[in-house]
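Asks: Handing you a structure now.
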Amino acid sequence: MERLCEDLVTNILLCLPAKSAVRFRCLSKYYDQLVSDPRFATGHALRSNPDEVLGLLRFTAGRSADKILFCSFHSKPNIHNNPKVVPINSQIIASCNGLVLGLSDSSLSVCNPILPDRIQTIPALETPYGAKCDLGLAYDPIGFSSLEFKLVHVYREQILNMPQDEDAYGFKIFDSSANSWRQSTCKLFLRHLIPMQPHFYELRGQAVYLNGYVHWFRAFGDIVAFNVEKEEAKLIGMPPELRLAWLNYQDYSWFGAADGFLYVVCVFKRQILMWALLDYENNKWGLVRNKIKGLSRVARPLFFDGERLVLNCGPKKKLLRLFNMKQDQWTEMGRLPRNTMDDSTTVYVPFNPTLAPLINSSDPSRTASLPVLPTVMPINNKCKKRKRGRVDRMKSQDQERIP
Numbered sequence: 184m185e186r187l188c189e190d191l192v193t194n195i196l197l198c199l200p201a202k203s204a205v206r207f208r209c210l211s212k213y214y215d216q217l218v219s220d221p222r223f224a225t226g227h228a229l230r231s232n233p234d235e236v237l238g239l240l241r242f243t244a245g246r247s248a249d250k251i252l253f254c255s256f257h258s259k260p261n262i263h264n265n266p267k268v269v270p271i272n273s274q275i276i277a278s279c280n281g282l283v284l285g286l287s288d289s290s291l292s293v294c295n296p297i298l299p300d301r302i303q304t305i306p307a308l309e310t311p312y313g314a315k316c317d318l319g320l321a322y323d324p325i326g327f328s329s330l331e332f333k334l335v336h337v338y339r340e341q342i343l344n345m346p347q348d349e350d351a352y353g354f355k356i357f358d359s360s361a362n363s364w365r366q367s368t369c370k371l372f373l374r375h376l377i378p379m380q381p382h383f384y385e386l387r388g389q390a391v392y393l394n395g396y397v398h399w400f401r402a403f404g405d406i407v408a409f410n411v412e413k414e415e416a417k418l419i420g421m422p423p424e425l426r427l428a429w430l431n432y433q434d435y436s437w438f439g440a441a442d443g444f445l446y447v448v449c450v451f452k453r454q455i456l457m458w459a460l461l462d463y464e465n466n467k468w469g470l471v472r473n474k475i476k477g478l479s480r481v482a483r484p485l486f487f488d489g490e491r492l493v494l495n496c497g498p499k500k501k502l503l504r505l506f507n508m509k510q511d512q513w514t515e516m517g518r519l520p521r522n523t524m525d526d527s528t529t530v531y532v533p534f535n536p537t538l539a540p541l542i543n544s545s546d547p548s549r550t551a552s553l554p555v556l557p558t559v560m561p562i563n564n565k566c567k568k569r570k571r572g573r574v575d576r577m578k579s580q581d582q583e584r585i586p
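Here it is in structure tokens:
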């Protein structure tokens, strides 16, 4: 009978949202061990939708009081007139399926925001970290053989006597189970038709993890992809019109994964261009041109999941608006606080809770930089649950598909 009760309790907890299940840890040692068990995290991921995003994390670096905001998709309106702000010491580099990668005082750490006592400090690299976008985070609660995460550091190889029209990238991998870095034998050699300017080799934005690959957008207008399991790398090219749009409108573009595809979204006045990598193996892109009502000026895209598009609008970029592609409807998420304003250092990363366990450190300094995230920005109505769809679901009368 006792075993039956335990199984019943476990099944009930597995049906709860991740954030609700975490609250049971404070009831007793039994519940704490149960929710913290890696097997429980795996079972919870199988029953839930690990790709469901509950909100966005907003971070602005380079200020004396760096702050992070949680912009929720599901909060009730007008919870607080003055949103709560949590000071932190870390710069958020990337997020992947609920885990967050932060950099503080040249020290990297991976944290699960809904489990603030679970944080793993990353050993230092022998090579300099360089720009923040040189690192990618890979975590798949279902696809990986275990609940480990991996970090990938990509860097330009310095090879003697290399021709000016050639370039090479090397990779280093951090495995959370081994808690150490190792050099990958994989090298990505590229040959260009003409020698490129040095800044074209730079990686822009945050790395994106999808289908076993970590992707980096190069300033030249193509994508470096690295398979974390097979340790294989390749270069993904783009159509000329997409490359031109990216080079000219990077400040109004978004690169990420949505609905199982890689997307590049460029926002113009009164229309939005969306490119999707429909055929990953054969490098075939599809373009969807959307004519959107109510878009009076160029806005900055922050997030896209195949149906919902979040834009930062207004002359001072303080108003967050959500456009539902399927319903052809705008929703105001909320306004940024008075003392905050987006600039070139501001980043928004999607947040989807996970129960992934990390190394529990007894050192308070290792857990002080990434705390629990409060709800700080309400929206005007509750977003309904949606079903995941394909690219063709976005067709409407105001959309024109270009072959």
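In terms of my numbering, the sequence shown opens at residue 184 and continues consecutively.
Glycine is no exception: its CB is placed at the ideal position from the N, C-alpha and C atoms.
Since we're looking at a predicted model, the values are computed, not measured.
#1: Where DSSP assigns a beta bridge to Gly-238, which residues make up the other side?
#2: Measuring straight from C-alpha to C-alpha, what distance separates Ile-276 and Arg-230?
#3: Can you tell me the Cβ-Cβ gap for Phe-486 and Leu-252, rounded? I've got them flagged as a contact below 8 Å.
#4: Under DSSP, the beta strand (DSSP E) around Leu-371 begins and ends at which residues?
#5: Bridge partners for Glu-349 per DSSP, in chain order?
#6: Contact check, Leu-494 vs Pro-484 under 8 Å by CB: the rounded distance?
#7: Apart from the five residues on each side of it in sequence, which residues of its chain come closer than 7 Å, Cβ to Cβ, to Phe-332?
#8: Suppose contacts are defined by Cβ-Cβ distances below 7 Å. Is Ala-459 in contact with Tyr-446 by that definition?
#9: What separation, rounded to the nearest whole angstrom, lies between the Cα atoms of Arg-549 and Asp-220?
#10: Between Ser-290 and Asn-473, what straight-line distance do the alpha-carbon atoms span, to the nearest angstrom?
#11: Just checking my contact of Ala-416 with Phe-354 at CB under 8 Å: how many whole Å lie between their CB atoms?
#12: What residues match up with His-398 in a beta bridge as DSSP calls it?
#13: Quick one: using the 10 Å Cβ neighbour count with 16 as the cut-off for buried, is Cys-209 buried or exposed?
#14: Classify Tyr-213: buried if its beta carbon has 16 or more other beta carbons within 10 angstroms, exposed otherwise.
#15: Going straight from the alpha carbon of Asn-410 to that of Ile-297, what length do you get?
#16: Per DSSP, what kind of secondary structure is Phe-403 in: helix, strand or coil?
#17: Kindly identify the DSSP beta-bridge partner or partners of Trp-468.
#18: Just mark Asn-295 as buried or exposed, buried being the case when its beta carbon has 16 or more other beta carbons within 10 Å.
#19: Quick one: residues in its chain with C-beta nearer than 6 Å to the C-beta of Gly-313, no 5 flanking neighbours on either side, listed in chain order?
#20: Judging by CA-CA distance, which residue of Asp-511, Leu-503 and Gln-510 is the nearest neighbour of Phe-256?
#21: Report back the beta-carbon spacing between Ile-419 and Asn-466 to the nearest angstrom; my notes put them in contact at under 8 Å.
#22: Could you tell me the distance, in whole angstroms, from the CA atom of Asp-442 to the CA atom of Tyr-392?
#23: Taking the alpha carbon of Glu-515 as the reference point, which residue from Thr-523, Lys-501 and Arg-521 has its own alpha carbon closest?
#24: Can you look up Phe-354 in the DSSP assignment and give me helix, strand or coil?
#25: In angstroms with no decimal places, state the Cα-to-Cα distance between Met-184 and Ser-211.
#26: What do you get for Arg-491, buried or exposed, if any count of 16 or more other CB atoms within 10 angstroms of its CB means buried?
#27: Could you please give the first and the last residue of the uninterrupted beta strand (DSSP E) stretch that includes Pro-484?
#28: Taking all protein chains shown into account, do 16 or more other C-beta atoms lie within 10 angstroms of the C-beta of Pro-200, making it buried, or fewer, making it exposed?
#29: Using the Cα positions of Arg-480 and Tyr-435, report the straight-line distance between them to the nearest angstrom.
#30: Grouping DSSP H, G and I as helix and E and B as strand, with all else coil, what is Ala-228?
#31: What three-state label does DSSP hand Phe-506 in the structure shown?
#32: Looking at the structure shown, is Ser-552 part of a helix, part of a strand, or coil, going by DSSP?
#33: In angstroms, rounded to a whole number, what distance separates the CA positions of Glu-189 and Pro-540?
#34: Going by DSSP, what residue range makes up the alpha helix (DSSP H) through Ser-203?
#35: Would you kindly work out how many angstroms separate the C-alpha atoms of Val-205 and Asn-194, rounded to a whole number?
Replies: Looking at the atomic coordinates:
#1: Along the sequence shown, read from residue 1 onward, the residue named residue 238 stands at position 55. Paired residue(s): Ser-255 and Phe-534.
#2: As a working note, residue 276 is residue 93 in the sequence shown. As a working note, residue 230 is residue 47 in the sequence shown. Taking C-alpha positions only, Ile-276 is separated from Arg-230 by approximately 29 Å.
#3: Within the sequence shown, residue 486 is the residue found at index 303, counting from 1. Within the sequence shown, residue 252 is the residue found at index 69, counting from 1. Contact flag wrong, Cβ pair sits at about 14 Å.
#4: Mapped onto the sequence shown, residue 371 falls at position 188. 363–374 is the span of the beta strand (DSSP E), which, as asked, contains Leu-371.
#5: As a working mapping, residue 349 is identified with position 166 in the sequence shown. As DSSP reads the structure, Glu-349 sits in a beta bridge with Arg-374.
#6: By 1-based counting over the sequence shown, the position of residue 494 is 311. By 1-based counting over the sequence shown, the position of residue 484 is 301. Indeed, because the Cβ distance is near 6 Å, the residues count as touching under 8 Å.
#7: Numbered from 1 along the sequence shown, position 149 holds the residue referred to as residue 332. Leu-282, Val-293, Leu-320, Ala-321, Tyr-322 and Ser-359, listed in sequence order.
#8: The residue you call residue 459 lines up with position 276 of the sequence shown. The residue you call residue 446 lines up with position 263 of the sequence shown. Closer than 7 Å, so yes.
#9: Looking up residue 549 in the sequence shown gives position 366. Looking up residue 220 in the sequence shown gives position 37. In this prediction, Arg-549 scores a pLDDT of 36, lower than 50, which makes its location untrustworthy; the coordinate-derived value is nonetheless stated afterwards. Cα to Cα, the separation comes out at about 21 Å.
#10: Taking the sequence shown and counting its residues from 1, the one referred to as residue 290 is at position 107. Taking the sequence shown and counting its residues from 1, the one referred to as residue 473 is at position 290. Taking the CA atoms as reference points, Ser-290 sits about 42 Å from Asn-473.
#11: In the sequence shown, residue 416 corresponds to position 233, counting from 1. In the sequence shown, residue 354 corresponds to position 171, counting from 1. Beta-carbon to beta-carbon, Ala-416 and Phe-354 are separated by about 7 Å, close enough to satisfy the 8 Å threshold.
#12: As a first step, residue 398 is located in the sequence shown; it is residue number 215 there, counting from the start. DSSP lists Val-391 and Ala-408 as partners of His-398.
#13: Your numbering for residue 209 matches position 26 in the sequence shown. Counting Cβ neighbours within 10 Å, Cys-209 comes out exposed, since fewer than 16 surround it.
#14: In the sequence shown, counting from the first residue as 1, residue 213 sits at position 30. It counts as exposed.
#15: Along the sequence shown, one-based indexing puts residue 410 at 227. Along the sequence shown, one-based indexing puts residue 297 at 114. The straight-line gap from Cα to Cα measures roughly 28 Å.
#16: Residue numbering aside, residue 403 sits at position 220 when the sequence shown is read from its first letter. Coil, per DSSP.
#17: Locating residue 468 in the sequence shown gives position 285, where the first residue counts as 1. Under DSSP, Trp-468 takes part in a beta bridge, and its partners are Leu-460.
#18: The residue given as residue 295 occupies position 112 in the sequence shown. With 16 or more other CB atoms across the displayed protein chains lying within 10 angstroms of its CB, Asn-295 is buried.
#19: Position 130 of the sequence shown holds residue 313. At Gly-313 the pLDDT is 48, less than 50, meaning the model places this residue with poor confidence and gives no usable figure here.
#20: By 1-based counting over the sequence shown, the position of residue 256 is 73. With distances taken between Cα atoms, Phe-256 lies closest to Leu-503.
#21: Residue mapping note: residue 419 aligns to position 236 of the sequence shown, counting from 1. Residue mapping note: residue 466 aligns to position 283 of the sequence shown, counting from 1. Here Ile-419 really is in contact with Asn-466; their C-beta atoms are around 6 Å apart, less than 8 Å.
#22: The residue you call residue 442 lines up with position 259 of the sequence shown. The residue you call residue 392 lines up with position 209 of the sequence shown. Straight-line measurement puts the Cα of Tyr-392 at about 13 Å from the Cα of Asp-442.
#23: Translated into positions along the sequence shown, residue 515 becomes position 332. Taking only the C-alpha atoms, the option nearest Glu-515 is Lys-501.
#24: Locating residue 354 in the sequence shown gives position 171, counting from the first residue. Phe-354 falls in the strand class under three-state DSSP.
#25: Numbered from 1 along the sequence shown, position 1 holds the residue referred to as residue 184. Numbered from 1 along the sequence shown, position 28 holds the residue referred to as residue 211. Note that Met-184 scores a pLDDT of 41, beneath 50, so its modelled location is shaky; the value from the coordinates is reported in the next line. Separation of Met-184 and Ser-211 (C-alpha to C-alpha, rounded to the nearest whole angstrom) is 20 Å.
#26: Against the sequence shown, residue 491 aligns to sequence position 308. Counting Cβ neighbours within 10 Å, Arg-491 comes out buried, since at least 16 surround it.
#27: For this step, residue 484 is matched to residue 301 along the sequence shown. From DSSP, the beta strand (DSSP E) with Pro-484 extends over 483–487.
#28: Locating residue 200 in the sequence shown gives position 17, counting from the first residue. Its Cβ having fewer than 16 others within 10 Å, Pro-200 is exposed.
#29: Numbered from its first residue, the sequence shown carries residue 480 at position 297. Numbered from its first residue, the sequence shown carries residue 435 at position 252. The C-alpha of Arg-480 lies about 11 Å from the C-alpha of Tyr-435.
#30: Looking up residue 228 in the sequence shown gives position 45. The DSSP-derived three-state label of Ala-228 is helix.
#31: As a position in the sequence shown, residue 506 is number 323, starting the count at 1. Phe-506: strand per DSSP, three-state reduction.
#32: If you number the sequence shown from 1, residue 552 lands on position 369. Its pLDDT being 38, under 50, Ser-552 is placed unreliably by the model, and nothing is read from it.
#33: For the purposes of this step, residue 189 is taken as the residue at position 6 of the sequence shown. For the purposes of this step, residue 540 is taken as the residue at position 357 of the sequence shown. Taking C-alpha positions only, Glu-189 is separated from Pro-540 by approximately 21 Å.
#34: Against the sequence shown, residue 203 aligns to sequence position 20. Element bounds for Ser-203: 201–206.
#35: Walking along the sequence shown from the start, residue 205 turns up at place 22. Walking along the sequence shown from the start, residue 194 turns up at place 11. If you draw a straight line from the Cα of Val-205 to the Cα of Asn-194, it comes to about 14 Å.
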